[in-house]
Amino acid sequence: MQQKIIILDFGSQTTQLIGRRVRELDTFCEILPYNKFPADDPDVIGVILSGSPFSVHDPKAFQVDLTQFVGRVPVLGICYGAQYIAHTGGGCVEHADSREYGRAHLTTVDTANPLFRGFETGSQVWMSHGDTITALPAGCHTIASTADVQFAAYASDTQPLWAVQFHPEVYHSLQGKQLLKNFVIDICGSKQQWSPASFVESTVAQLKQQLGNDRVILGLSGGVDSSVCAVLLNRAIGDRLTCIFVDHGMLRKNEFQKVMDAYQGLGLNVIGVDASDKFFADLAGVTDPEQKRKIIGRDFVEVFNAEAHKITDARWLAQGTIYPDRIESLSITGMTIKSHHNVGGLPKEMHLQLCEPLQWLFKDEVRRVGYQLGMPERLIKRHPFPGPGLAVRILGDITRERVRTLQEADDIYIESMLNYICDDGECLYDKVWQAGAVLLSTVRSVGVMGDERTYEHPVALRAVTSTDAMTADWAHLPYDFMARVSNEIINKVRGVNRVCYDISSKPPATIEWE
Ligand code: XMP
86 MQQKIIILDF
96 GSQTTQLIGR
106 RVRELDTFCE
116 ILPYNKFPAD
126 DPDVIGVILS
136 GSPFSVHDPK
146 AFQVDLTQFV
156 GRVPVLGICY
166 GAQYIAHTGG
176 GCVEHADSRE
186 YGRAHLTTVD
196 TANPLFRGFE
206 TGSQVWMSHG
216 DTITALPAGC
226 HTIASTADVQ
236 FAAYASDTQP
246 LWAVQFHPEV
256 YHSLQGKQLL
266 KNFVIDICGS
276 KQQWSPASFV
286 ESTVAQLKQQ
296 LGNDRVILGL
306 SGGVDSSVCA
316 VLLNRAIGDR
326 LTCIFVDHGM
336 LRKNEFQKVM
346 DAYQGLGLNV
356 IGVDASDKFF
366 ADLAGVTDPE
376 QKRKIIGRDF
386 VEVFNAEAHK
396 ITDARWLAQG
406 TIYPDRIESL
416 SITGMTIKSH
426 HNVGGLPKEM
436 HLQLCEPLQW
446 LFKDEVRRVG
456 YQLGMPERLI
466 KRHPFPGPGL
476 AVRILGDITR
486 ERVRTLQEAD
496 DIYIESMLNY
506 ICDDGECLYD
516 KVWQAGAVLL
526 STVRSVGVMG
536 DERTYEHPVA
546 LRAVTSTDAM
556 TADWAHLPYD
566 FMARVSNEII
576 NKVRGVNRVC
586 YDISSKPPAT
596 IEWE
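By the working numbering, the letter at position 422 of the sequence shown is numbered 507, and the numbering carries on one by one without gaps.
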């Protein structure tokens, strides 16, 4: 049995954060759309209702049948969740005179209640709501108040039901972690059994059962997700896993060989396909970024499918899809559920079934699983790299010559980052989310080398800090590092006579230039 907490998502921006907090308590959880409670799942030990952009009075407000779980397992309503429980239980929710946003302090708190064990009076919480509860439902009592919010938290007298109008999941609720710990561990009875080791053990057992003697195909990219997925499957089914790694010719310098060597060192059965001629031929003369992406995407599917078809007895296609890729959160503007993120290219006529063993993991959990599997640190800590590779880092059309030039500049930059050790002992590469060089091949500027005038291209260096690539800031790299890298690139890379550093954040810029 895998104990789990279900988080029902009513569209709040902090729902994922609730999920992270629960996982930090070594407890498995699933975030599901508000109306998708798995009524037949015996492993559910508790339910959390998230916040929402709606008021409970909004005609479009999301409704859920609380009887599916209230009284069966412990329930915690947060913000809208708390107001929804009050509203449907006969309490009263009204528009607040002054919207309650930001910092507040619990002026009274019932520390004898298991939800608030370990709390202090005055504890700072974070409010974010336009409505407020003005009367509790029958059979409930207040367990915390702030100066402005009488019913900041309440509990049922008879059922395992709690509700808080503040957000315990956000950092600014200073004892929020304690509250979630009280709920998940003490109230729901989590045995805190989720760990990378237990994940590997249970997933390998599950994969063995699911896949039997079937053959599985997996597309490798060199990235951490697909690599961890491959090693996990290899543990379960050994050589019945065939990995396909396509070289489109726009990887980093020597990367195809380096990654192939690393995979073989891990005992994976990998077919490396050099399809660079096809990609370069199809990209010749194409300058539009979207057009480039489309061609690369289409060619990739063609090459992958041609290889996959050679494995005639394959029954499954495995993918390294992770939780943030597929999370079915609510799109607040469109009111639609995001469609499952499926990295295109499933060869339909092969009738392959999809196998996604990492589908419940967050990125840092994938990395922890990678360590657990004994994978090399450099593979696990590798920066994200775009599918179309250096093609989206070369302005204008793509030629082998331009790719070679960029590979040289990029290699100097990245190797220097790996070799630059910061004061705390960590290398600069590990301090940033992602770094790479961009060849501004549509731009030329004048320079002088020796006694000669040059008229060549600039290279832009990009390095960003981020947690999820949705937003990013430019990394403040040390000046001595930048000076050294600039010198080395200009001196060693033919065709480049100038180096710039990109100081744009995302938004409004993006991480990649194209
Ligand atoms: P942007 O440029 O949109 O990138 O800020 C966000 C993150 O996604 C990566 N990226 C891609 N990854 N195929 C991929 O597999 C792509 O076409 C692609 N475009 C961007 C980018 O490197 C960054 O980590």
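Ideal Cβ positions, reconstructed from N, Cα and C, are used throughout, including at glycine.
In this text, all values refer to a predicted model and were calculated from it rather than measured experimentally.
{"query": "Whether L326 touches T288 by CB criterion (8 Å)", "result": "no"}
{"query": "Touch test, the region 476 to 495 against the region 509 to 517, Cβ-Cβ under 8 Å, three pairs minimum", "result": "no"}
{"query": "Burial state of A391, where buried means 16 or more other Cβ atoms lie within 10 Å", "result": "exposed"}
{"query": "For Q291, three-class secondary structure by DSSP", "result": "helix"}
{"query": "Own chain, CB closer than 7 Å to R400, minus 5 neighbours either side, in chain order", "result": "D299, R300, L437 and Q438"}
{"query": "heavy atom of ligand 1 below 7 Å from P473 C-beta", "result": "yes"}
{"query": "Inter-residue spacing [alpha-carbon to alpha-carbon] between I116 and I133", "result": "9 Å"}
{"query": "Close beta carbons around F201, own chain, < 8 Å, minus the five adjacent residues each side", "result": "V194, D195, I228, A229, A238, L264 and N267"}
{"query": "N319 to Q277 span [Cα, whole Å]", "result": "27 Å"}
{"query": "CB contact flag (D359, D332, <8 Å)", "result": "yes"}
{"query": "For A557 and T595, the rounded distance between their alpha carbons", "result": "8 Å"}
{"query": "Where the alpha helix (DSSP H) through Y498 begins and ends", "result": "R485 to N504"}
{"query": "Neighbourhood of L259 by C-beta, 7 Å cutoff - its chain only, sequence neighbours within 5 removed", "result": "S208 and Q209"}
{"query": "Every unbroken beta strand (DSSP E) inside the region 325 to 400 [3 residues or more]", "result": "326 to 332 and 355 to 359"}
{"query": "Cβ pair V477, W598 closer than 8 Å", "result": "yes"}
{"query": "Coarse secondary structure for Y119, derived from DSSP in three states", "result": "coil"}
{"query": "CB contact flag (R569, S526, <8 Å)", "result": "no"}
{"query": "Distance cut-off 7 Å: P469 Cβ against heavy atoms of ligand 1", "result": "yes"}
{"query": "T219 vs C164 beta-carbon contact at 8 Å", "result": "no"}
{"query": "Length of the line joining the Cα atoms of G175 and V386", "result": "56 Å"}
{"query": "Contact test: V477 Cβ vs ligand 1 heavy atom, cutoff 7 Å", "result": "yes"}
{"query": "Under the three-state DSSP convention, the category A568 falls into", "result": "helix"}
{"query": "Per-residue DSSP class, three states only, for G304", "result": "strand"}
{"query": "Beta-bridge partners of M212, as assigned by DSSP", "result": "G187 and F251"}
{"query": "Beta-carbon contacts of D216 that lie in its chain and below 8 Å, excluding the five residues immediately before and after", "result": "S140, V141, H142, Q168, V178, E179, H180 and A181"}
{"query": "Nearest candidate by alpha-carbon position, reference N339, set E493, S312 and V313", "result": "E493"}
{"query": "Close beta carbons around E573, own chain, < 6 Å, minus the five adjacent residues each side", "result": "I497"}
{"query": "For H180, the residue or residues it bridges with in DSSP", "result": "D216"}
{"query": "Spatial distance of T418 from S213 (CA atoms)", "result": "Confidence in T418 is poor, its pLDDT being 33 and thus under 50, which makes the residue's placement too unreliable to answer from."}
{"query": "C-alpha gap between L402 and G323, whole angstroms", "result": "15 Å"}
{"query": "Other residues of its chain near R467: CB distance less than 8 Å, five sequence neighbours each side excluded", "result": "G307, G308 and V309"}
{"query": "Range covered by the beta strand (DSSP E) that runs through I90", "result": "K89 to D94"}
{"query": "Any non-hydrogen atom of ligand 1 closer than 7 Å to R383 Cβ", "result": "no"}
{"query": "Closest Cα partner of S241 within the set T192, L292, G261 and A171", "result": "A171"}
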